[in-house]
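Heads up, the thing below is written out as structure tokens.
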Amino acid sequence: MDNKQLAEQLFPQLKYTLGGIQGLYPRRNLPSGAHVTRLGPSPTGFIHLGNLYGAFVDERLAHQSDGIFYLRIEDTDDKRLVAGAVDMIIDALDFFGIHFDEGASKTGDIGAYGPYAQSRRKEIYHAYVKQLIALGLAYPCFLTEDEIQEIHQYQEAEKANPGIYGIYAKHRDLSMDEIQHHLSQGHPYTIRLKSGGNHDLPQDQIRYIQVEDGIRGSLSMPENNQDVVILKANGMPTYHFAHVVDDHLMGTTHVIRGEEWLSSLPIHVELFEKLAFELPIYCHTAQLMKLDENGNKRKLSKRKDPELSLGYYKEQGYHPLAVREYLLTILNSNFEEWRLANPEKSSEEFPFTTEKMSSSGALFDMNKLNDVSKDTLAKIPANLLYDFLLNWASVYQPDAWATLKNAGPYVEKILDIGRKDEKPRKDLISASQIFDFIQYFFDDFFIIEEPLPPEVSSEDAAEILKSYGQTYDPTDNQSRWFEKVRTIAAELGYAVKPKDFKKNPDLYKGHVGHISTVIRLALVGRSQSPDLWEIQQILGKEKTLERIKKAAF
RNA sequence: GUCCCGUUGGUCAAGUGGUCAAGACGUCGCCCUCUCACGGCGGAUUCAGGGGUUCGACUCCCCUACGGGAUACCA
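Heads up, the first sequence is in numbering that gives the first Met the number 0, so the first residue is 0 and it goes up one at a time.
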């Protein structure tokens, strides 16, 4: 018996021949320079900012080159399967404007290079495994878990590198008779790659592989020497094998993945070589980090950092465009510069490059997100902002939703306060913050939250509001309105200009700012707000007078 | 332990042998100003450490330290 017969025995009557498969996956007919990228999540359904970060690179690279971005579900580990995960992943990315052209979708596979779930590609992997066995490049391994453990312990004691390789790959050279014996006993087995690498050579003779990484430039690593498992005992491929076969067949040109894959790159390179596939361009992205309890940088973790799940940003009401902009600023170091020069352009016009990506992990910066968000929201028209706010409220703050729902034009006016000026206000960050920021416009949410300034007594406050109520005229323009406030100040012994008060604090009780603070407290309940005159224009005469009359300190 | 990747201010970073070492966020001060926000001006805070190479190193080489990752029939 030879390898070929063994292959036939192990994988009899496969659905596909290699030639047949090749015919099913023709080269993609795309314009030159088009990038084909993919996102390959395992279906746990959990997506966090780090995943979005990577997905963004895929999406940009594909779409700015008129290429294809597809979704492939990497479900080779049934322990990781969560029901409804695919929909969750698609929805989460969709919210942030990331759409797939091809692959798994809510209504099934789209595209001619499927199936797009690895669990449905078993026969395809088997065909390639069969070939490797026939060529003597892979072999069945009957090592039990205990035996492997033993080997590891021995290696640890000997200070040898762990793994199944060289002399530790005990089943790599089993005789056909021995294999038949195991088989006849019904021993479970995995298929391992028969690695061509040899690290027992003198240091200077170990072969190194050179790979040009799209982000990191040229990489040099020792070649793989591990007889890695390519097919598990249950017949499913491991990630390593599925990655190589799928990305080849599906025509992926650029493999974007986290840097945690860097150390298994030699395995993949060997697999590509053994299968005689062309190597795609790898882009190993830096991980998004966060600070742990001890002040150390740490990779974002699914379990430990629920606040970095995409759900968190949705819940807080960060606008997807803002998150996009922020991600772009940390993804490409020249994005901010470009944005400054092109304030009105869509971020899709930004020429994204992997060369401008950092190879070291960035710390997630909430301050920066907020700042970017302010700039972003300042450019979004009030009616769209209203829709966004309403949408958010319908899920996360139902009482606000009830209030906002029937007040469209009113809310739009509120959102537009000071935004159309030459130097527009930028105080809107996220939906939850926006609602908090404007809630005093609604009687149901209006309360006086802050006390009078110390310069103003309760009596004076009452006096101020009384005069104000008498002189208030909604038809006054802004400067006329403020003249009247100054008049009240003067009448009650307050300086008309803050500077006067600063120069001679003894001459006055306070200054005009204190007067308007009282009016502000009566109208909005806070000592800080946008321009009062504008607020009154929106509140309207009745509500303004009512609040002035009702206010008590 | 071994292997891989990384290290410019509090954060994100430009930089590729000769720069007073950009810029943004944050922070502090001032200006504008009825408050806030916006805007303007200015300050403080950086090349992890040590050796080389060189007329000259943030830039090139080596060592150390620190951080991250891998080391599965998980991805």
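Where a beta carbon is used, it is the ideal one built from N, C-alpha and C, also for glycine.
Its chain contains Ile-67, Tyr-69, Ile-109 and Gly-110 as the residues whose beta carbon lies nearer than 6 Å to that of Glu-101, once the 5 sequence neighbours on both sides are disregarded; these appear in chain order.
With contacts defined as CB atoms closer than 8 Å, Ala-241 and Glu-73 qualify as a contacting pair. Runs of alpha helix (DSSP H) with 4 or more residues, each lying fully within the region 333-412, are found at 334-340, 365-377, 381-395 and 397-404, listed in chain order. Here Lys-498 is not near Val-511, since their CB atoms are 8 Å or more apart.
Bounds of the alpha helix (DSSP H) holding Glu-149 are 144-157. For Pro-221, no alpha helix (DSSP H) segment is defined; the enclosing uninterrupted segment is the beta strand (DSSP E) at 216-221. If you draw a straight line from the Cα of Gly-407 to the Cα of Pro-114, it comes to about 46 Å. The alpha-carbon separation between Ile-89 and Glu-541 amounts to approximately 49 Å.
With fewer than 16 other beta carbons inside 10 angstroms of its own, Met-365 counts as exposed. Arg-120 has its alpha-carbon roughly 46 Å from the corresponding atom of Asn-341. Taking Leu-60 as reference, the option from Glu-347, Lys-422 and Leu-427 with the minimal CA-CA separation is Glu-347.
A check of alpha carbon separations from Arg-323 across Arg-206, Gln-477, Leu-48 and Pro-11 identifies Leu-48 as the nearest. Of Pro-221, Asn-405 and Tyr-385, the smallest CA-CA separation from Asp-415 is found for Tyr-385. Residue pairing by DSSP places Thr-284 opposite Gly-257 in a beta bridge.
Taking Phe-99 as reference, the option from Asn-160, His-247, Asp-435 and Val-35 with the minimal CA-CA separation is Val-35. Using a Cβ-Cβ distance cut-off of 8 Å, the region 219-233 and the region 187-199 are in contact, since at least three pairs of beta carbons, one from each stretch, lie closer than that value. The Cβ neighbour count for His-180, taken over all protein chains shown within 10 Å, is under 16; the residue is labelled exposed. Asp-1 has its alpha-carbon roughly 20 Å from the corresponding atom of Thr-16. Separation of Ala-461 and Gly-468 (C-alpha to C-alpha, rounded to the nearest whole angstrom) is 10 Å.
Under DSSP, Tyr-138 shares a beta bridge with Arg-191.
Contact between the region 246-263 and the region 136-154 is not established, with fewer than three Cβ pairs separated by less than 8 Å.
With a beta-carbon spacing of about 16 Å, Val-371 and Ala-430 fall beyond the 8 Å limit used to define contacts. When only Cα atoms are considered, Arg-26 and Gly-18 end up about 14 Å apart. Bounds of any beta strand (DSSP E) do not take in Gln-204, whose DSSP letter is neither H nor E.
Per the coordinates, the alpha-carbon of Ala-156 lies some 18 Å from the alpha-carbon of Lys-169.
The continuous stretches of beta strand (DSSP E) do not include Val-455, and DSSP gives it neither H nor E. Annotated as distal: Gly-310 and Trp-391, with beta-carbon spacing of 8 Å or more. The alpha-carbon of Lys-549 is positioned some 11 Å away from that of Lys-465. Beta-bridge partners assigned by DSSP to Thr-36: Phe-68. Within the model, the alpha-carbon separation for Asp-472 versus Ala-361 is close to 55 Å. The secondary-structure analysis by DSSP pairs Glu-101 across a beta bridge with Tyr-69. Here the region 129-145 lies against the region 172-189, with 3 or more beta-carbon pairs under 8 Å apart.
Tyr-317 has Ser-429 as its beta-bridge partners, per DSSP. Taking the Cα of Ser-332 as reference, the smallest distance to any Cα among Pro-40, Ala-103, Gly-22 and Ile-214 is reached at Ile-214. In the structure shown, the three-state DSSP call for Ala-275 is coil.
Contact between Ser-357 and Ala-275 fails: their C-beta atoms lie close to 35 Å from each other, not under 8 Å.
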